[in-house]
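Asks: Just passing along the structure, written as structure tokens.
Residue numbers (the working numbering): 4 to 110.
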């Protein structure tokens with residue numbers, strides 16, 4: 004965190020030092036911290052939004068790389084990842100709706 008303020012912008016984690024496939028501890032800690040600052044209902048919506056955003060970014064990255072590698076042996080894995088990520092984005096959209104519905108007052 005910078006300047007010690009609660010709402011301060013955090014420095015990005017040093018993802019270059021992270022092992023492939025491992026979420027950096029700083030990212031995990033920040034997600035956990037965010038969920039402690041709000042009531043559980045808001046935390047559910049925040050977590051669903053984070054998951055959705057991550058899925059969108061993965062889909063964008065994979066789609067771009069599939070296009071870059073079109074016509075090469077690397078295209079297949081990137082295209083498969085793009086398709087799987089697209090499916091995940093759709094699931095995450097449903098997750099966001101479910102989180103919003105869960106916290107909406109009944110009636």
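Each residue gets a CB set at the ideal place from its N, CA and C atoms; glycine is no exception.
Distance, Cα to Cα, residue 65 vs residue 54?
Replies: Taking the straight line joining both Cα atoms gives about 16 angstroms.
Asks: If the criterion is Cβ atoms closer than 8 angstroms, does the pair residue 48 and residue 103 meet it?
Replies: A contact, by the Cβ cut-off of 8 angstroms.
Asks: Where does residue 38 fall in DSSP's three states?
Replies: Three-state result, residue 38: helix.
Asks: Go ahead and pull the three-state DSSP assignment for residue 72.
Replies: Residue state, collapsed to three classes: coil.
Asks: Buried or exposed: residue 10, going by 16 or more other Cβ atoms within 10 Å of its Cβ?
Replies: At residue 10, the pLDDT of 47 sits below 50, so the modelled position is not reliable; the number obtained from the coordinates is stated separately. By the neighbour-count rule (16 or more Cβ atoms within 10 Å), residue 10 is not buried but exposed.
Asks: Could you pull out every residue in the same chain whose Cβ sits closer than 7 angstroms to the Cβ of residue 78, ignoring the five residues on either side in sequence?
Replies: Around residue 78: 69 and 72.
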